[in-house]
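Q: Take the sequence shown: its letters are residues 1 to 614, numbered as in the working numbering. We treat Cβ as the ideally placed atom computed from N, Cα and C, and that holds for glycine. This is the structure I have questions about; it appears just below.
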Amino acid sequence: MVERPADRLAQSTQDVADEAGRRAEGRGRRSLQPLRRLLPFVQPYRWQVVAAGIALLCSSAATLTVPAALRGLIDHGFASADAARIQPYFVFLLGVAAALGLATGIRYYFVTWLGERVIADVRRGVFDHVLSLTPAFFEMTRTGEVLSRLTADTTLIQTVIGSSASIALRNAVMLTGALVLMFVTSLKLSALVLVIVPVLMVPLIGFGRWIRTLSRKSQDTIADASARAAETINAVQTVQSFTHEQIDRADFGRDVETSFDVAIRRTRARAAMAMVVTIAAFGCVDGILWIGARDVATGVISAGELTQFVFYALLVAMGFGSLSETWGDLMRAAGAAERLAELLDAEPDVKTPASPRALPTPVRGALRFEDVSFHYPTRPDSAALDGFSLGVAPGEAVALVGPSGAGKSTVFQLLLHFYEPQAGRIAFDGVDTAQLDPVELRKHIAVVAQEPAIFSGSIADNIRYGRPEASDAEVRRAAEAAAAAEFIEQYPHGYNTLLGERGVTLSGGQRQRLAIARAMLRDAPLLLLDEATSALDAENERLVQLGLANLMAGRTTLVIAHRLATIQKLKRIVVMERGRVVGEGTHDELVRGGGLYARLADLQFTSGMAMAGE
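Structure (structure tokens):
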């Protein structure tokens, strides 16, 4: 028997989120450390990074040669005796400008390409990982929050990779080169600069940490607003039906205003940082220039040397000023990288075994639950299944009935391996599901939910969702068997008709018939039906019941039934209450035996007859 540690339940999604929060808080003290998480996405494009780096160095080198040319012009070109020597300096400056322009263009192309390519890979990587997470994660995380991280956060990172990082590196190279050449030009004035530089770094680092904290908070508030908007828009008909628009507008407005307030605080911090650093940097340049002017007057250095030094000092000052701005972008990107890292660090509760077993062939669909107990992560004190045992033979059809909360849907969730039980064992064709690859297991299961998901593609795409390789003829046969062909063929474009988001252009019965056709086309040995005919009228229900009878033939079928009239003919009905089996037999046997099923039957059939009499 495969070991299932009882403490796996404790590692719920909230625990993962809390741990990620603690890691983010710790990283907050380490500046740009979260951006290292982007390195795996950048490494495949190392040659593009090298090309951009070479272009960056060339453009920086070209810029740093300009002051030397200016020095020659001032010291030699403007003297009447050396007038003939002025032309080479202008030719040299023209060559520098051409090299600078070429290198800048190459750098811009490669850096922008990297930004677009890497962020596309990040989005795809995060989305791929999110699809691997189990429902436990989404019990604790709103869809809008995930979408915000996929869009707003990745856009911030794209700005950094495609622009800010390159600008920061260029300014860092320029600043370093200018500092070195300043020492070559004048040791005395450069020593003064060396004393001043650490003073300038203090506000840069202090403001940077402040901005990063505010940036993270800003992204969180944007995510909250996005999550609320997505939740409201997805239920817009319910919102309007209950005239809840004004309340939802007010709630969203508060979220937006909170986001705005945090963004303004972050903007103030960036503005203050830029102001302080710029004033300090240029104030220092002014003081150094005053000392240099006195040295020129006393003949310690020439006017050209002072010009060269001032130009380098200006490059250093501008470098610091520009770094103060790009530093804010880097801080925001670091906050966004933290949030994306939380998604990438989240692990599914159900993991694929290192060496998964294979199902015996052919797959028959035999099921066995052996004393299974299960608690949902969000309800650890309430057992959804409590010592549940059930065996289903290949090809057998079994109905699960019982009041809401009896555990019927949980049986489906565990069969699909969305969760693992804390105790007991589930076997599929004699193999413990814990030893199977969840994806491989699900390939042999077809599901019809009570409220099926319909996607915004065509009708044919929705039907072949479980078998993308199915032919048009197979799609049509499945639709006919599910009594869906009748309304599909009334559309001008037939099976190529595009459906709105979540199938809003279809009625409830039409959506359910498409879901039944999808399950039919899946042609899996195990069929899970969650009240598959609940939204159909009497005529269509009769047709679909006939189609389901054909589909169920030779397949193991579990049916969740809320309306007992739909499962009266099944030879085996399992009655559930509080996660346990409390009765089993045919409809007539269970009615004669009294108990829960007899009470449910009396309520449904007696109430139905009374309503019909009225």
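Could you give the residue range of the beta strand (DSSP E) that holds T557?
A: To locate residue 557, count along the sequence shown from 1; it is residue 557. Note, T557: beta strand (DSSP E), 556–560.
Q: If you run the structure through DSSP and keep just helix, strand and coil, what is G304?
A: As a first step, residue 304 must be located in the sequence shown, where it is residue number 304. Helix, per DSSP.
Q: According to DSSP, what are the bridge partners of F388?
A: In the sequence shown, the residue the question calls residue 388 occupies position 388. V372, per the DSSP bridge assignment.
Q: For C58, which residues of its own chain have a beta-carbon under 6 Å away from its beta-carbon, when the five flanking residues on both sides are left out?
A: The residue labelled residue 58 in the question sits at position 58 within the sequence shown. Answer for C58: A103, listed in chain order.
Q: Assuming I291 and L189 make a contact with CB atoms under 8 Å, what is their CB distance in whole Å?
A: Mapped onto the sequence shown, residue 291 falls at position 291. Mapped onto the sequence shown, residue 189 falls at position 189. Correct: roughly 7 Å between the Cβ atoms.
Q: May I have the straight-line CA-CA distance separating G105 from G466, to the nearest angstrom?
A: The residue labelled residue 105 in the question sits at position 105 within the sequence shown. The residue labelled residue 466 in the question sits at position 466 within the sequence shown. One C-alpha to the other measures close to 48 Å.
Q: Is the distance from the Cβ of A337 to the Cβ of I222 below 9 Å?
A: Position 337 of the sequence shown, counting from 1, holds the residue named residue 337. Position 222 of the sequence shown, counting from 1, holds the residue named residue 222. Taking 9 Å as the Cβ cut-off, A337 and I222 do not qualify as a contacting pair.
Q: Which of helix, strand or coil does DSSP assign to G28?
A: Looking up residue 28 in the sequence shown gives position 28. Low confidence applies here, because G28 scores a pLDDT of 40, under 50, leaving its location unreliable; read the following figure in that light. Helix.
Q: Out of I161, A99, T298, state which residue places its alpha-carbon closest to the alpha-carbon of L35.
A: As a position in the sequence shown, residue 35 is number 35, starting the count at 1. The residue with the shortest Cα to Cα distance from L35 is I161.
Q: Is there contact here, the stretch 60–70 with the stretch 91–99, by at least three beta-carbon pairs under 8 Å?
A: The stretch 60–70 vs the stretch 91–99: in contact.
Q: Give the range of the alpha helix (DSSP H) segment to which A519 is assigned.
A: Residue 519 sits at position 519 when you count from the first residue of the sequence shown. Unbroken alpha helix (DSSP H) run through A519: 508–522.
Q: Taking Cβ positions, are A446 and R522 nearer each other than 9 Å?
A: Translated into the one-based positions of the sequence shown, residue 446 becomes position 446. Translated into the one-based positions of the sequence shown, residue 522 becomes position 522. Cβ atoms of A446 and R522: closer than 9 Å.
Q: Three or more beta-carbon pairs under 8 Å between the stretch 334–351 and the stretch 125–137, yes or no?
A: Flag = yes, the stretch 334–351 and the stretch 125–137 touch.
Q: List the DSSP bridge partners of A585.
A: Walking along the sequence shown from the start, residue 585 turns up at place 585. A small fix is needed here, since residue 585 is Gly in this sequence, not Ala. Paired residues: I573.
Q: Which value, in whole angstroms, describes the spacing of the CA atoms of R124 and Q512?
A: For the purposes of this step, residue 124 is taken as residue 124 along the sequence shown, with counting starting at 1. For the purposes of this step, residue 512 is taken as residue 512 along the sequence shown, with counting starting at 1. Distance between the alpha carbons of R124 and Q512: 31 Å.
Q: Which residue marks the beginning of the alpha helix (DSSP H) containing G595, and which one marks its end?
A: On the sequence shown, residue 595 is found 595 positions in, with the first residue counted as 1. Run containing G595: 595–601, per the alpha helix (DSSP H) assignment.
Q: Would you report the Cα separation of Y45 and L114, rounded to the nearest angstrom?
A: Taking the sequence shown and counting its residues from 1, the one referred to as residue 45 is at position 45. Taking the sequence shown and counting its residues from 1, the one referred to as residue 114 is at position 114. The straight-line gap from Cα to Cα measures roughly 8 Å.
Q: Around the C-beta of Y597, are 16 or more other C-beta atoms found within 10 angstroms, so that it is buried, or is it exposed?
A: On the sequence shown, position 597 is the one that residue 597 refers to. Buried is the call here.
Q: Apart from the five residues on each side of it in sequence, which residues of its chain come closer than 8 Å, Cβ to Cβ, to V581?
A: Position 581 of the sequence shown, counted from the start, is the residue given in the question as residue 581. F388, S389, L390, V574, V575.
Q: Cα separation between A519 and R254?
A: Indexing the sequence shown from 1 puts residue 519 at position 519. Indexing the sequence shown from 1 puts residue 254 at position 254. C-alpha separation (whole angstroms): 44 Å.
Q: For I567, which residues from the same chain have a beta carbon less than 8 Å from its beta carbon, with the 5 sequence-adjacent residues on both sides left out?
A: Position 567 of the sequence shown, counted from the start, is the residue given in the question as residue 567. For I567, where only same-chain residues beyond five positions count, the Cβ hits under 8 Å are A399, V401, V559, A561, I573, H587.
Q: Could you give the uninterrupted runs of the beta strand (DSSP E) lying entirely in the stretch 411–445, keeping only those of 3 residues or more?
A: Qualifying beta strand (DSSP E) stretches, in chain order: 423–428.
Q: Given a threshold of 16 other Cβ atoms within 10 Å of its Cβ, counted over all protein chains shown, does L194 qualify as buried or as exposed?
A: Taking the first residue of the sequence shown as position 1, residue 194 is located at position 194. Its Cβ having fewer than 16 others within 10 Å, L194 is exposed.
Q: Taking DSSP as the reference, what is the three-state secondary structure of R467?
A: As a working note, residue 467 is residue 467 in the sequence shown. Correct three-state label for R467: coil.
Q: Would you mind reading off the limits of the alpha helix (DSSP H) that contains A399?
A: If you number the sequence shown from 1, residue 399 lands on position 399. Unbroken run through A399 is the beta strand (DSSP E), 397–401; no alpha helix (DSSP H).
Q: Check this for me: beta carbons of M140 and P377, under 9 Å apart or not?
A: Position 140 of the sequence shown, counting from 1, holds the residue named residue 140. Position 377 of the sequence shown, counting from 1, holds the residue named residue 377. Yes, they are a contact pair.
Q: Could you round the C-beta distance between F369 and A384 to whole angstroms and report it? I think they count as a contact, below 8 Å.
A: Taking the first residue of the sequence shown as position 1, residue 369 is located at position 369. Taking the first residue of the sequence shown as position 1, residue 384 is located at position 384. F369 to A384, Cβ: 13 Å. No contact.
Q: Determine the burial state of T410: buried for a count of at least 16 other Cβ atoms within 10 Å of its Cβ, exposed for fewer.
A: Within the sequence shown, residue 410 is the residue found at index 410, counting from 1. When all chains shown are included, T410 counts as buried.
Q: Between which two residues does the beta strand (DSSP E) harbouring D530 extend?
A: Here residue 530 refers to the residue found at position 530 of the sequence shown. It spans 526–530 - the beta strand (DSSP E) in which D530 sits, taken as one unbroken run.
Q: Going by Cα to Cα distance, which pick from A225, V296, F41, F311 is closest to A178?
A: Residue numbering aside, residue 178 sits at position 178 when the sequence shown is read from its first letter. Of A225, V296, F41, F311, the residue nearest in Cα terms is F311.
Q: Taking the straight line between their C-alpha atoms, what separation do you get for F92 and R71?
A: In the sequence shown, counting from the first residue as 1, residue 92 sits at position 92. In the sequence shown, counting from the first residue as 1, residue 71 sits at position 71. Taking the straight line from one Cα to the other gives about 13 Å.
Q: Thinking C-beta only, is T143 closer than 9 Å to A227?
A: On the sequence shown, position 227 is the one that residue 227 refers to. On the sequence shown, position 143 is the one that residue 143 refers to. In contact: A227 and T143 (Cβ atoms closer than 9 Å).
Q: Kindly identify the DSSP beta-bridge partner or partners of S458.
A: Taking the first residue of the sequence shown as position 1, residue 458 is located at position 458. The partner list for S458 (beta bridge, DSSP) reads L498.
Q: Ordered along the chain, which non-local residues of its own chain (more than five positions away) have a Cβ less than 6 Å from that of L528?
A: The sequence position of residue 528 within the sequence shown is 528, counting from 1. The answer, listed in chain order, is F412, V447, L558.
Q: Assign D381 to buried or exposed, taking buried as 16 or more other Cβ atoms, counted over all protein chains shown, within 10 Å of its Cβ.
A: The count along the sequence shown starts at 1 and reaches residue 381 at position 381. Looking at its Cβ environment, which holds fewer than 16 other Cβ atoms inside 10 Å, D381 is exposed.
Q: Please say whether I54 and L192 have beta carbons closer to each other than 9 Å?
A: Looking up residue 192 in the sequence shown gives position 192. Looking up residue 54 in the sequence shown gives position 54. Contact: no.
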